[in-house]
Amino acid sequence: MPTPRIVIVGAGAGGLALATRLGRTLGKRKRAEIVLLDRNTTHVWKPLLHELATGVLNSSMDEVDLRGHSSAHFYRYQRGSLTGINREQQTLQLSPIYDEDGQEVLPARELAYDYLVMAIGSISNDFGTPGVAEHCHFIDSPQQAKAFQRDMINTFLRYTDPNLRQHTQLTIGIVGGGATGVELAAELFDASRMLNAYGVTALDNQQISVHLLEAAPRLLPGLSERVSQTVKTELESMGVTIHTDTAIKEAQAHQLITGDDEVIKTDINVWAAGIKAPPFLTELGLTTNKKNQIEVKRTLQSVDDEKIFALGDCASCPMGEDSAVPPRAQAAHQQAKLLAKNLVNQLEGKPLADFRYRDHGSLVSLARYDAVGNLMRSSASRGLFLEGWLARQAYASLYRMHQLSIHGAPKTGLAWLVDKLNRYLKPRMKLH
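Sequential numbering of the sequence shown, starting at 244, is according to the numbering used here.
Below, the structure written as structure tokens:
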């Protein structure tokens, strides 16, 4: 009997955690071939992208090389981008791979599967707003985060001209008052302080203006009002100008136009408002919702095909009669854990378990100095409110838990030690 092949598309938090678990339980024992497909050769935990965007995170230290990781954890990494699914033949169509010079490295090809898991995450939702794609940065991938950082550093350097800095203020507009927008706004002021310390002294915090725009009545509308108000107070104390109940109807070069026709002049625009699954999911012949998410049962199987599963932000999993599992990192980790068991059950002919989301709370980082959030939330309780040093330690532990899921305890302990040493050995900010 041939060895069944499980293909996981997407090496984000959920996909990589699932590949690691299945590699240990099935791949190591040759009970199944585990294949992880992704167009990138490395993995960066998505909640860290705002730190990568400001240069606070050195990607060379926190990137996971997928080829090396796959070898150590008994799965096979394959580079590629999914373009189509033939469900009758159970094959995937993959696009060609090109190098930096446009030369074809790998041709278009097919990849067979017995079971398929879609774990490709989400991207920012521009809601069709004119000019956003042309004039705004997105922070959805390491490549986009690095592009923003290059633009930010170059803009800072342009202000080293004394004549320019005397008459102009550097202004950054961030659209979206969710976790990404809030955390990026805080990191920008921390980054400006570090740039001054490293000799880029053209600007200080008084010469930087950050506008954070949110269409809802308050920041972080998905979290408690206490968390929202605390974050608002902290950001305003840093110097962030907060606009709530403010929708953007158009983005232009160096300015944002609000729904009330107010013009906000900017040097750099960032769009961090809302999420959706990548649009190509609607072309695969699977049922999707308005956000392009694949509709799945509580077992995480597609409503159309029991051999296709989906998890994380690209999946719409029912949580109640009129609600779905929220697109959060903790949901993706919980789904990866369940799906690792369900796929084993599938191979053994056992019934599959339903997914039940457990909200352990949410934490928001405000640069290296503070964090705010609620832990241990439930339907009957808002949970334990945290802020300050304790919240910061809890926030840092979230990344360690992710590292534990993909590396195990020994390597995670070593990574923690290396991070501590690098605080003394390397600059806190990447400048190139």
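A virtual CB, placed ideally from N, CA and C, is assigned to each residue, including glycine. These figures come from a predicted structure and were not determined experimentally.
>> Suppose you measure from the CA of Ile537 to the CA of Arg469; what does that come to, to the nearest Å?
In response: 34 angstroms
> When we look at the beta-carbon of Ala623 and count the other beta-carbons within 10 Å, is it buried (16 or more) or exposed?
Replying inline: Note that Ala623 has pLDDT 48, beneath the 50 cutoff, so the model's placement of it is unreliable and no number is given.
>> I'd like the list of long-range same chain contacts for Leu527, defined as Cβ closer than 6 angstroms, with 5 residues on each side in sequence excluded.
In response: Ile328
> Taking buried to mean at least 16 other C-beta atoms within 10 Å of its own C-beta, is Glu549 buried or exposed?
Replying inline: exposed
> Looking at C-alpha atoms only, which residue of Gly555, Ala429, Asp433 is the closest neighbour of Glu477?
Replying inline: Ala429
> Under a Cβ-count criterion, where at least 16 other Cβ atoms within 10 Å of its own Cβ denotes burial, should Ala520 be classed as buried or exposed?
Replying inline: buried
> At a cut of 8 angstroms, does the region 339 to 359 reach the region 390 to 408 through at least three beta carbon pairs?
Replying inline: no
> What is the DSSP secondary structure of Phe523, counted as helix, strand or coil?
Replying inline: helix
>> Counting C-beta neighbours from all protein chains within 10 Å, is the total for Trp288 16 or more, i.e. buried, or is it exposed?
In response: buried
> Along the chain, where does the beta strand (DSSP E) that runs through Lys584 open and close?
Replying inline: Careful: Lys584 lies outside any beta strand (DSSP E), inside the alpha helix (DSSP H) at 572 to 591.
> With Arg352 and Ser324 assumed to form a contact (beta carbons below 8 angstroms), what rounded beta-carbon distance in angstroms separates them?
Replying inline: Wrong, their Cβ atoms sit about 11 angstroms apart, outside the cutoff.
>> Could you give the first and the last residue of the continuous beta strand (DSSP E) run that contains Arg643?
In response: Taken as a continuous stretch (DSSP letters only), Arg643 belongs to no beta strand (DSSP E), being part of the alpha helix (DSSP H) at 632 to 650.
> Can you tell me whether Val278 is buried or exposed, with buried defined as 16 or more other CB within 10 angstroms of its CB?
Replying inline: buried
> What did DSSP end up calling Asn532 once you bin it into helix, strand or coil?
Replying inline: coil
>> Using only the alpha-carbon positions, how far apart do Phe552 and Gly656 sit?
In response: 33 angstroms
> Between the C-alpha atoms of Asn439 and Asp404, what's the straight-line distance to the nearest angstrom?
Replying inline: 15 angstroms
> My guess is that Leu426 and Val252 are in contact by the Cβ rule of under 8 angstroms, so how many angstroms apart are they, rounded?
Replying inline: The residue you asked about is not Leu; residue 426 is Glu in the sequence shown. Not confirmed; about 28 angstroms, so no contact.
> Mind checking whether Leu196 and Thr489 have CB atoms under 8 angstroms apart?
Replying inline: As displayed, the chain neither begins before 244 nor continues past 675, which places residue 196 out of reach and without an answer.
> Considering only the beta carbon of each residue, do Leu524 and Asn535 sit closer than 8 angstroms?
Replying inline: yes
> Where do the N-terminal and C-terminal ends of the beta strand (DSSP E) with Asp281 fall, by residue?
Replying inline: 276 to 281
> Under 8 angstroms between the Cβ atoms of Gly266 and Tyr318?
Replying inline: yes
> Name the DSSP beta bridge partners of Asp433, please?
Replying inline: According to DSSP, Asp433 bridges with nothing at all.
>> Quick test of your reading: Gln495 and His380, contact by CB under 8 angstroms. State the CB separation rounded to the nearest angstrom.
In response: The Cβ separation is near 14 angstroms, so there is no contact.
> Which two residues bound the contiguous beta strand (DSSP E) that contains Ala355?
Replying inline: 352 to 355
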